[in-house]
Amino acid sequence: MSVRWSLVAATAAAFVACALPASAQTLRYANQGELKSLDPYTLKETTTIAHHAHVYEGLTARDKDLKIVPALAESWETLSPTKWRFHLRKGVKFHNGDPFTADDVLFSADRVRAKGSNFLSNVPADAKFTKVDDYTVDVTLDSPNPILISQWDGWYIMDKKWCEENNSVAPTPAAATTPSYASLHENGTGPFMIESHQPGVKTVFKAFPGHWKKPEHNLKEIIFTPIGSDATRVAALLSGEVDVIEPVPLQDIQRVNSSGNATVLTAPEIRTIFVGMDVARDELLFSNVKGKNPFKDIRVREAIYKTIDVELIKSRVMRGMSTPSVLMIAPQLYPLSKDFTRPKLDPDGAKKLLADAGYPSGFEVTMDCPNDRYVNDAAICQAVVGMLARIGVKVNLLAQPKAQYFAKVLKPGGYQTSLFMLGWTPATSDSHNVLHDVLGCRDDPKDSTRGEANLAGYCNKEVDALTDKVLVEPDTAKRDQLIKQAYELVIKDYGYIPLHQQSLAWGVSNKVKLTQRADNQVLLYWATKQGE
Amino acid sequence: MSDAVVPHRNAQVSRAGAGWFRRALDSDIFYSFRRSKLTMVAAAITVLFFLLAIFASWLAVQNPFDPAQLQLINSRISPLWTADGQSPFLLGTDEQGRDVFSAILYGMRISLAVGIAGVIFAGALGIGLGLIAGYFGGVADSVIMRIADVQLTFPAILIALLVNGVAKSLLGNRLDEMSTLAVLVIAIGLSFWVQYARTVRGSVMVEKNKDYVAAAQLIGLPAPKIMLRHVLPNTMGPILVIATINLALAIITEATLSFLGAGMPDTMPSLGTLIRIGNNYLFAGEWWIVAFPGIALAGLILSINLLGDWLRDALNPKLR
Numbered sequence: 001m002s003v004r005w006s007l008v009a010a011t012a013a014a015f016v017a018c019a020l021p022a023s024a025q026t027l028r029y030a031n032q033g034e035l036k037s038l039d040p041y042t043l044k045e046t047t048t049i050a051h052h053a054h055v056y057e058g059l060t061a062r063d064k065d066l067k068i069v070p071a072l073a074e075s076w077e078t079l080s081p082t083k084w085r086f087h088l089r090k091g092v093k094f095h096n097g098d099p100f101t102a103d104d105v106l107f108s109a110d111r112v113r114a115k116g117s118n119f120l121s122n123v124p125a126d127a128k129f130t131k132v133d134d135y136t137v138d139v140t141l142d143s144p145n146p147i148l149i150s151q152w153d154g155w156y157i158m159d160k161k162w163c164e165e166n167n168s169v170a171p172t173p174a175a176a177t178t179p180s181y182a183s184l185h186e187n188g189t190g191p192f193m194i195e196s197h198q199p200g201v202k203t204v205f206k207a208f209p210g211h212w213k214k215p216e217h218n219l220k221e222i223i224f225t226p227i228g229s230d231a232t233r234v235a236a237l238l239s240g241e242v243d244v245i246e247p248v249p250l251q252d253i254q255r256v257n258s259s260g261n262a263t264v265l266t267a268p269e270i271r272t273i274f275v276g277m278d279v280a281r282d283e284l285l286f287s288n289v290k291g292k293n294p295f296k297d298i299r300v301r302e303a304i305y306k307t308i309d310v311e312l313i314k315s316r317v318m319r320g321m322s323t324p325s326v327l328m329i330a331p332q333l334y335p336l337s338k339d340f341t342r343p344k345l346d347p348d349g350a351k352k353l354l355a356d357a358g359y360p361s362g363f364e365v366t367m368d369c370p371n372d373r374y375v376n377d378a379a380i381c382q383a384v385v386g387m388l389a390r391i392g393v394k395v396n397l398l399a400q401p402k403a404q405y406f407a408k409v410l411k412p413g414g415y416q417t418s419l420f421m422l423g424w425t426p427a428t429s430d431s432h433n434v435l436h437d438v439l440g441c442r443d444d445p446k447d448s449t450r451g452e453a454n455l456a457g458y459c460n461k462e463v464d465a466l467t468d469k470v471l472v473e474p475d476t477a478k479r480d481q482l483i484k485q486a487y488e489l490v491i492k493d494y495g496y497i498p499l500h501q502q503s504l505a506w507g508v509s510n511k512v513k514l515t516q517r518a519d520n521q522v523l524l525y526w527a528t529k530q531g532e
Numbered sequence: 001m002s003d004a005v006v007p008h009r010n011a012q013v014s015r016a017g018a019g020w021f022r023r024a025l026d027s028d029i030f031y032s033f034r035r036s037k038l039t040m041v042a043a044a045i046t047v048l049f050f051l052l053a054i055f056a057s058w059l060a061v062q063n064p065f066d067p068a069q070l071q072l073i074n075s076r077i078s079p080l081w082t083a084d085g086q087s088p089f090l091l092g093t094d095e096q097g098r099d100v101f102s103a104i105l106y107g108m109r110i111s112l113a114v115g116i117a118g119v120i121f122a123g124a125l126g127i128g129l130g131l132i133a134g135y136f137g138g139v140a141d142s143v144i145m146r147i148a149d150v151q152l153t154f155p156a157i158l159i160a161l162l163v164n165g166v167a168k169s170l171l172g173n174r175l176d177e178m179s180t181l182a183v184l185v186i187a188i189g190l191s192f193w194v195q196y197a198r199t200v201r202g203s204v205m206v207e208k209n210k211d212y213v214a215a216a217q218l219i220g221l222p223a224p225k226i227m228l229r230h231v232l233p234n235t236m237g238p239i240l241v242i243a244t245i246n247l248a249l250a251i252i253t254e255a256t257l258s259f260l261g262a263g264m265p266d267t268m269p270s271l272g273t274l275i276r277i278g279n280n281y282l283f284a285g286e287w288w289i290v291a292f293p294g295i296a297l298a299g300l301i302l303s304i305n306l307l308g309d310w311l312r313d314a315l316n317p318k319l320r
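Each protein sequence line maps, in turn, to chains A and B. Going by full-length UniProt numbering, the first sequence opens with residue 1, and the numbers climb by one from there. Going by full-length UniProt numbering, the second sequence opens with residue 1, and the numbers climb by one from there.
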């Protein structure tokens, strides 16, 4: 049956492909990092989610201004504060021809919350999905949740039948050593299909002619190649070998703009880059201090906070293209950000604090850092290593490609880190996500997804209590005050060390027009390219 | 000295009071050395590079491996003779405020250390296996030489990448700078042993039929002793040539691995790592970060190669 269906689909696809206008273009895109797994529940990371957005779709999506719009759900309504009803889009087909129905939604809701998934917090654990008919799904909750669907644009719907047939019912964990079928193949409903996928080498996306929506792009094909080397990536853009690159290294922005064949799109990004210290374990995994954890001592955290010079990182490493931050959220997303000032830089005081804490000659610790994820990530980490060395904290830097990095430090890998740098964009564009996912206590018996991205294991019950109030507070002004109290607590605890918000820097050939979204998702289904 | 005026190599053979130094000066090799200006220049440059590397800690203005000595505020300063140059950064600084000159000295130390250790490791392995293959023949010979043949079909850099990759995935996160060094040495050693083994095996097969070996066997010396004490010294000439040329290759291999990101980390850069880092700033006009390490690496390799070529010719009886 399935063979026949895919034959039919393939024939239909070939038919429509021939009928595509002759002006359909091939777009070549290079990113600094690779696309490892095609399983949409493996790695919650912006670049990966954006890649998947071409082939998979959620019930909702976000438009060019990050507003929530209908996608696979045509409309929805709240029957009561704890009961939502979703009306699914009819006539939607997966790439293999299977029809999209309520069963797929129920299946995806289970799969995204199963062991090994990195997207647990996208769909609340207390949400029960029930099928009303083939195109209607009800969601019942234990407690009201006004922001239930705010992360559903990143929860992609998978084909139940296809997953069952291909032994891919369980999500592929990021730390998996052998790839599953779903991590090497896709079967989404999105505007593009993956024609071939060689992890770390090349992925070819082909326009899906059976997509339910009229395309805004004029592409027949997107060829994605990871190009890790900054210089090579820029050279490829300037020579016309690729049409779009992300990111443009800061040192090369001027050159790209003056080249005449490409332009750099820049804008402040809503991602916050920060440093975290493991405060959960009684003994650090990677340190020479045995039997105790120096980061549990607030004086040590304060010392480290006050040694890292974010202004210097801005001027030297980021070449002015960053906004130093005191909060774990970007000022665009939280209006009261202006009320906060960063604790003053004070390396001499830091030395004294360390001595008071019992480490007059410092200590040794390993820092985890990606080297192909954020703008100048490894260089920032190196700068931090240098600054900490001055107060006697010897940091061994382990800068790795993001695939290895995330597999080690994220929840599925067991938070194996003592000191790390991470970036976070609240998928909901709201502080609650930051307070809940990054600053919430891990191992909350009532809420298993709280603190899911809290790699440091920072825990303050007062913050959690405020977070819970934030979730249900309808009044915006009051809500902002609650958020403010929570952030103040985190700053007082020196729980995390925010560094800055980086800048978006996409290199785009002058032949290509596309939309730059502030969450740094490179979405090429909004791209058009002039003919060669 | 009279030998400068009368360059006849047998003239001083019977001179009285000749120590080892005098014997060396009188040798065929030194004679040929003095005849080649290019070789003398190459030797001078090689010695200079070795001295620079050995005395790096005294010559450098900072220890580029010590993060505490890097000041971010000093980042991206151009070389001293340009308009924005600043003392004491002779060749400028990179993005982390690392003095390029100091980084080259320390990086060269790493490159040379990895190169020499790699050559010694490859030599020990190759000589050992070659001796066994040549002396015993039979099954041992077949097995060792077939492995060698198979390995010869791969480029050395591929083998080095493979060994390096396997070691890194085995050691994983426990890999610090020092163990990276060891992994590099092993990777390079394992990719270059074949040449030694084949050369030694050939020489041994010639030597083992000679009378002195038969005599040694007759008085009942054990095989290892005959191999190491009697046969091996007679095969050392070609080994020396291979070792010299391989030193240059080993340094290049290390630089390639580091350039590809599989070698020394950014926090403890070798010449290859410096070139990789600098490569990123080439478009931005910050050429000194890549140019000077590149020149240093090229100079080092070229001079060692010239020395190796000369040594090969000097030791080749057919060319005399």
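Yeah, the Cβ is synthetic: ideal placement off N, Cα and C, and Gly gets one too.
Whose C-beta lies closer than 7 Å to the C-beta of residue i among residues of the same chain, with five residues either side of it excluded?
i: Q151/B; result: I159 and V194
i: G189/B; result: G118, F121, A122 and L125
i: W212/A; result: R89, G91 and V92
i: S258/B; result: M264, S270, G272, T273 and R276
Return the CA-CA distance between residue i and residue j, expressed in angstroms with no decimal places.
i: M318/A; j: V234/A; result: 17 Å
i: K484/A; j: V463/A; result: 10 Å
i: A4/B; j: I29/B; result: Because A4/B carries a pLDDT of 43, less than 50, the predicted location of this residue cannot be relied on, and the following value inherits that uncertainty. If you take the alpha carbons of A4/B and I29/B, they lie about 15 Å apart.
i: M108/B; j: N280/B; result: 20 Å
i: G451/A; j: P81/A; result: 25 Å
i: G440/A; j: P124/A; result: 15 Å
i: D84/B; j: A383/A; result: 22 Å
i: A527/A; j: L219/A; result: 8 Å
i: A231/A; j: W506/A; result: 14 Å
i: K478/A; j: L466/A; result: 12 Å
i: T140/A; j: A207/A; result: 36 Å
i: D356/A; j: E177/B; result: 31 Å
i: K461/A; j: K128/A; result: 27 Å
i: G137/B; j: V185/B; result: 29 Å
i: L302/B; j: G115/B; result: 14 Å
i: V300/A; j: K290/A; result: 16 Å
i: F274/A; j: I380/A; result: 10 Å
In or out: residue i buried (at least 16 other Cβ within 10 Å) or exposed?
i: I226/B; result: buried
i: L38/B; result: exposed
i: S102/B; result: buried
i: F154/B; result: exposed
i: P146/A; result: exposed
i: D475/A; result: exposed
Excluding sequence positions up to five away, which residues of its chain have a Cβ less than 6 Å from the Cβ of residue i?
i: L72/A; result: E57, L59, R89 and I157
i: S196/A; result: V204
i: N74/B; result: T93 and G97
Tell whether a beta-carbon distance below 8 Å holds between residue i and residue j.
i: L524/A; j: R517/A; result: no
i: S322/A; j: S503/A; result: yes
i: residue 544/A; j: P370/A; result: Shown here, chain A extends from 1 to 532; a query on residue 544/A therefore has no answer.
i: A236/A; j: V508/A; result: no
i: I147/B; j: T199/B; result: no
i: A167/B; j: S191/B; result: no
i: M328/A; j: Y494/A; result: no
i: M387/A; j: D468/A; result: no
i: A53/A; j: Q521/A; result: yes
Could you pull out every residue in the same chain whose Cβ sits closer than 8 Å to the Cβ of residue i, ignoring the five residues on either side in sequence?
i: T172/A; result: S37, D39, Y41, T42, G116, P179, S180, A182 and S183
Practice prompt. Can you give me, in chain order, the residues of the stretch 397–431 of chain A that have a beta carbon less than 8 Å from any beta carbon in chain B?
Written response: L397, L398, A399, K408 and Q416
Fill in: Residues in the stretch 353–387 of chain A having any Cβ partner in chain B nearer than 7 Å
A378, A379, Q382, A383, V385 and G386
Fill in: Short-range partners of chain B found in the stretch 309–340 of chain A, where Cβ spacing is below 8 Å
From the stretch 309–340 of chain A, only D309, L312, I313, R316 and V317 have a Cβ closer than 8 Å to chain B.
Discussion item. Taking beta-carbon pairs under 7 Å, can you tell me which members of the stretch 237–264 of chain A lie near chain B?
Written reply: P249, Q251, D252 and R255
Worksheet item: Listed from N- to C-terminal order along the chain, which residues in the stretch 93–109 of chain B have their beta-carbon within a distance smaller than 8 Å of any beta-carbon of chain A?
Response: E95, Q96 and G97
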